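Residue numbers (full-length UniProt numbering), protein chains in the order written: chain A, 1 to 467; chain B, 1 to 467; chain C, 1 to 467; chain D, 1 to 467.
Structure (structure tokens):
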């Protein structure tokens, strides 16, 4: 393919879109009935050119609906835009008789909710794809209260799965040369470690040892779908604060992080790094929930980085452990917890414990093993790890590599995980096998160090002392 | 949206694709069994990253299959990748009981042929979309002989309708600054008036009074889907040869072309034109048959041109009349044809009749009315015009405006349409109405001139003389 | 020309430059002697490929010189890199004899200071042009103290005049889609009305009624040379604060701003504007002082805007009046000032006088005429207007159109111009004539209103009262 | 720098230029007097905005001048646009007195021919740079007949040396994705081995083992300045025909090409090549004669290729030997040539001698040594090699590596060099040294094989037999 040529493809559409997207909506406040009518007319049109105008009008009405009217509209979508029973019954009888492909095809068509064709036609409008993603975001906000709207969500999921097929996604590096209009979205969407302002963003992006990549989709243009932040490092990073504050740092790989030696080595040149550390992955579009991009993103970024910097040896995350603090509290509340352990954990109640060397050491000896147990052995009802971040990376084929004591000493870090962070390591040769073992047998791939910690947790649980 | 940003989105993907697309396939000649196995493995994978590799492998095998093996593969697709009756029956029974959205959704899912999920997963591969389009092209070649493969085509049509939704298409001007790799495809795909070589192409494109636009799709990159060639004119053009030979020309609008006065006025500047003449629309991808782009293309090109050259007043085609010569022959073979008319048409048998003034005049008096009748009154079994080009433009909302005697004096022109060409006029204010009348009532919008010609044809058919 | 092709031309160079520009300089602190040696070697090289390396090395040394060493280096440039008297004398004698072109050419070559060839060769280095611009910036900083360095500046001016010829400049729109790396330079370089931060920048740029354009030079890449900020308006704007705060506003054109009616009309769409108001022009590169871009910039921006928005009727500035407050103070200190006027101006000493309606009216009646006199009649030693902003716009062919009372009520506005701002109007048909009259006869083109104000000033000066 | 941003910089200018360049000139045929007047007015203008219009008008007049009028114009340029003696004399006297930098600067300014300022101002016009390059092309065509015009050429050379400084050049890869408008220029400008048509071009460019690079200058846009064609190879290529016909080929490196074993190894992948063979370097702009680009081009291309394909070991040319056949004939005409050698060369008179094995062997034994002598020992009046291609590559620091018998068996090849071609090898570590030895001492770097051949030539010259 010819990249330059493709680069320019979007011009016409996007320039026009820029204008369209900003135009003020009219001042009228329509009701859902108008929208339902517009949808009927759109479905009755022949799907050709006049449909574009009808689709645009329908979407314009939707945007101006109040929350209550949107809810009513969804109710009507559920009720009036399903498939008709008559044709389904007829198609099923025909199918039952011959059981062949043709009759199956007819049955399939008869069963397709008319919502799907409606959404496909709404997509004819300029910027229609993005509007539909926003529409699903609205819908998801209502689902908890109105579970009966779920079938609409199924239709969205079905279409979006097709439209946002990985074959249509485009990877793009984000840096300080990226347009401000994109960067402000990065600031807004960062979900793992909040970006305060433009200076903060610059610290994270605009250094020779930083990389950031995002997936985009041509039809929703400059809206990122997901992005990942990367720091180049010498050795595996164990703490997030130096990364967020923009200090180039490196630690000797292979050290026992338990020893809390954080020997930093500033790297002047990306060429000196041996490690790419993924320290934040953020999904941007609520309306695309369930359409998985993270896996593809990580693998493609690993490819990109390997090509740019062939000397990189380690691809690793520095990940939060959401839910661990709560789980830990539950353990402490559990009467069966050995008193020795109970005592060890008592220190958590001392404000600023991590600045008290003795207290900190005591807690570390107890908590790291417990964290290993939490991550390796605690499962949800599907038999998979309880921790969602672990599920994500293990499912991708990574290995639970290291538990970093005092990895995140922010307020949020203490609150959600007693200050712990975890490295998940992506070993290229093992990814496939890890992934398969995880999928087939729910096996948690982990390093010896983590395995040993988990063992120690079992001893602690039996009341053995922490050393 | 930000156009510059979008422009660069494709770089990574497309550069990689360039390499991939050219790599030689391995030398092995695999059989369809291997491919079927690869497809099963792909479906059994979890749809995540390892699926990309599986999809690539499967497509690579397909590309190396012999024609016979491809045919066998499609047979297996029909047989082994439909939907299972068991779950369908169960889902139908459940649906029958409650008739609600959830049960409908389950039934819909049960009925979806597994081919669709297979195709979606094959699309994960780099360049997968294009390979699937080529696969359907292969399939279409087999359908006539093997109509039992039709369900596969239904699946393709279903997916492609979604993937090639107009919202995903990008309009791009083609000119002499376009990369050679694209231009050679324009040469290859031109279907209406063959382009001989690069010089011929240059004559058609590289002049201030020419425009060419194509639709592209980001996932199939630099492969055009459809393109249209436009000549800017002073007055409506009646003859194709001056356009193809690159002469800038213009004729006074409103003249009775029956008078065969072709007063040319060279236009030096696009700003002097009042007419944009569409003289060739070519679909490029056989594998996208039935996914309609032409309509959207014409309307968007009209928009583009209106914006660039606000003084343009007429948007008109200069179109061929394929099938007319054959129809005319059938009339002459019909014993009921009045002898007067029969005699008038006798001249067609004289080689080079169009250079014999008297003969030409006589034929013109008879043939133009007959052509009007053919276009306006002859219908196919759906009650729509017999002529496919007429169906296309009338369906788009154009008006059958003028029948041009000796509009195409090439060998092909005489052979397919006795030298006639037709102007279909797109009047912006009438498009919607014309389209609706055509769709609802099969009304053929036509000018008074054409209507009068059709009337005269009726008289001729009754044996009245041609003047 | 083919724009897309050109777009990509820079890739290789610029990507490499990006790396080069950021690389840390070596830690050594060299002295000017090393640099002088490097310059000699560069001049002795044959100007071909090895010269690139020599040039890069010399520039790298320069960048690491201390301020004192730079000063010494310039002294050496003056002393050792002029032209040799011997060859000059010989060439002059030869010229004196024949007085022909050949001998003139030899003399010209003999007289060229070797610095010029040195600078041309330094320019071989990647990013050399930018480094030379920075070098001249350093030099300009020293000139006041060391006027003997002026000849070096002449050489720079000679070369830069050639290199930054208008034919090499490129106009570029700046908006919210511009890369952050450029935008932060806009923030830094804004000289007229300081930009506080990113939010402030966004208010100024990212609205449908704002435009910003900058000139760039390919060899110094993403460094803007000069930029202008524009607000689209309905009517001529009289006050800067609503513009800076991002309020879309408009005032009825033709009103006597003396009446201080500021009827704002928000414009929703650029298409509704009739006026483009230039409210800030900032030169970015100190090292390019004396190379004039502003004139070309304004004319090209007028062209761009006329093309985008053909309905625009007025191109006008909203300009500061630096120096007016000081001049006014000098008047007040002048004993010959009529006591009536002296009394009228007394109010200036009351803090917050502009919020006291009576005081404000009194001051307005006195100050606006005086400002007209200052702008129209006060001249410098070249017979041109004393006010530099007036010189710039009048020299460009604009008309001094309106004096806006309380046009800038910021602290800076009061301090430099008693709150006044001025509209200079660019009437396309008059520009050439105005320009010529100004150049030839120093004529100040001004509106009747301003002329009347100037007349009144003369009366006030004679002690007539202000009403 | 930010490449994407730069990419778009040109849009405005170039789009406008596209229109301007094509507009028909007016029909008037002006005389040189009008142009001289226009030039005077341009010089009298103040160099600001009105100058752009004046410059455009002057260039437009020049373009419409007849050849005779152009000649008269140049005569006037020589006579009327030099520098005035009065100011020169005065400035010299002032300089003589003080001998300081200021007075030197005044003298330098007084000596500058007014033509230089004229050309700088003509350059203000859109596309002015390109027009000036074409103007110099016209001038060069007249110089032989009118040597008195040489001072104008000096002025052009002085300015172009500054404007086309290597720092302003941009390297661009040319391939099948390059716009057709550029490719047709490559076809036109190829000077070494003529390109027949588009198919021929495609054979040379559009293969995975081909590369082509060109230098461009932003101000003359899509006009290439110089380009080089490269074939990737396994081993050093000895024959041009397989390369021109598009056969991928490779020969084992280090073989004695004297043995005429041409063991080809097709390379499927660029990654398999160890050699980049430069087989054609073409200057495109006659008007830039003497501004040297080739050297920079080769070095930058070596850099680019090394980065893309790090496994490349040899950078070598396959170069013609223009003038050798003529020199050989002079030897044969020389009565002092030993009869043995005279006899050996007799075979050249037999048509088709290269197809007669015995004859060919005999000639080869005589001619290759003579070619070595011609290239290594025959010098021009500056003591540099007589052969211009040798001067170019040796001056760049290459080594005369191999003389290829029957390297070019085209008619042109036989006619200019008895079928010989030469490999010049660029050994990165030796370039600097070779270049310096060549510059300082005119040393011809050559391989042992060539040196031995030259020795043998000396023996042959003494009448020793060829074996």
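All C-beta atoms, glycine included, are put in the ideal place defined by N, C-alpha and C.
Only a predicted model underlies this, so the values are computations on that prediction, with no experimental measurement involved.
| query | At a CB-CB cut-off below 9 Å, which residues of chain A make contact with residue 189 of chain B? | reply | Chain A residues near residue 189 of chain B: none, gap ~16 Å exceeds 9 Å.
| DSSP state of residue 377 of chain D mapped onto helix, strand, coil | helix
| query | From the DSSP output, which residues share a beta bridge with residue 170 of chain A? | reply | A:216
| message | Whole angstroms are fine: how far does the CA of residue 404 of chain C sit from the CA of residue 452 of chain C? | response | 15 Å
| Cα separation between residue 202 of chain C and residue 247 of chain D? | 58 Å
| said: Using 8 Å for Cβ pairs, my map puts residue 470 of chain D next to residue 341 of chain D. What's the rounded Cβ distance? | reply: Past the boundaries of the shown model lies residue 470 of chain D; chain D is included only from 1 to 467, so the question cannot be answered.
| message | Under 8 Å, Cβ to Cβ, is there at least one residue of chain B near residue 5 of chain A? | response | Only weak support is given to the placement of residue 5 of chain A: the predicted model assigns it a pLDDT of 44, under 50, and the question is left unresolved by the model.
| field | Contact set between residue 280 of chain C and chain D, taken where Cβ atoms lie within less than 9 Å | value | By Cβ distance, chain D contributes nothing, its closest Cβ being about 20 Å from residue 280 of chain C, past 9 Å.
| query | Can you tell me where the beta strand (DSSP E) with residue 231 of chain A in it begins and where it stops? | reply | 226-233
| query | How is the beta strand (DSSP E) around residue 45 of chain D delimited, first residue to last? | reply | Careful: residue 45 of chain D lies outside any beta strand (DSSP E) and carries neither H nor E.
| query | How about residue 511 of chain C: is its C-beta nearer than 8 Å to some C-beta of chain D? | reply | No statement about residue 511 of chain C is possible, as the shown extent of chain C runs from 1 to 467 and does not include it.
| message | Quick check on residue 433 of chain C: buried or exposed, where buried means 16 or more other Cβ atoms within 10 Å of its Cβ? | response | exposed
| message | Check this for me: beta carbons of residue 554 of chain D and residue 286 of chain D, under 8 Å apart or not? | response | Because chain D is modelled from 1 through 467, residue 554 of chain D falls outside the range shown and cannot be assessed.
| Integer-rounded CB distance, given that residue 115 of chain D should sit under 8 Å from residue 77 of chain D | 6 Å
| said: Taking CB distances under 8 Å as the criterion, tell me whether residue 183 of chain A reaches chain C. | reply: yes
| Per-residue burial, residue 51 of chain D [other beta carbons within 10 Å of its own, 16 or more giving buried] | buried
| request: Would you mind stating whether residue 230 of chain A and residue 277 of chain A have Cβ atoms separated by less than 8 Å? | output: yes
| field | residue 103 of chain B versus residue 91 of chain B - alpha carbon distance | value | 7 Å
| request: Name the two residues that bound the continuous beta strand (DSSP E) containing residue 208 of chain D. | output: It is not in any beta strand (DSSP E) - residue 208 of chain D carries neither H nor E in the DSSP assignment.
| query | Using the beta-carbon count (16 or more within 10 Å), is residue 475 of chain C buried or exposed? | reply | Because chain C here runs from 1 to 467, residue 475 of chain C falls outside it and cannot be looked at.
| message | Can you pull the chain C neighbours of residue 92 of chain D, defined as C-beta to C-beta under 7 Å? | response | 92
| Leaving out five residues before and five after residue 150 of chain C in sequence, what residues of the same chain have Cβ atoms less than 7 Å from its Cβ? | 143
| request: Identify, in the order they occur along the chain, each residue of the same chain with its Cβ nearer than 6 Å to the Cβ of residue 331 of chain D, setting aside the five sequence neighbours on each side. | output: 337
| So which residues on chain A does residue 85 of chain B lean against when the C-beta distance must stay under 7 Å? | 99
| task | Report all residues from its chain with a CB closer than 7 Å to the CB of residue 368 of chain A; omit the five preceding and five following residues, and keep chain order. | result | 258, 403, 405 and 453
| query | Are the beta-carbon atoms of residue 309 of chain C and residue 273 of chain C separated by less than 8 Å? | reply | Yes, these two residues count as a Cβ contact at 8 Å.
| task | Could you spell out the range, first to last residue, of the beta strand (DSSP E) harbouring residue 317 of chain C? | result | DSSP places residue 317 of chain C inside the beta strand (DSSP E), whose first and last residues are 314-317.
| query | Under 8 Å between C-beta atoms, does residue 176 of chain D make it to chain C? | reply | no
| query | Between residue 218 of chain B and the rest of its own chain, which residues show a CB-CB distance below 6 Å, the 5 nearest in sequence each way excluded? | reply | none
| task | Out of C:297, C:298, C:431 and C:363, state which residue places its alpha-carbon closest to the alpha-carbon of residue 328 of chain C. | result | C:363
| message | Contact between the stretch 296-311 of chain C and the stretch 227-242 of chain C is defined here as three or more beta-carbon pairs at a separation below 8 Å; is this criterion met? | response | yes
| With 16 other CB atoms within 10 Å as the buried threshold, where does residue 546 of chain B fall? | Outside the shown range of chain B (1 to 467) lies residue 546 of chain B, about which nothing can therefore be said.
| said: By DSSP's criteria, residue 385 of chain A is part of a beta bridge. Which residues make up the other side? | reply: A:379
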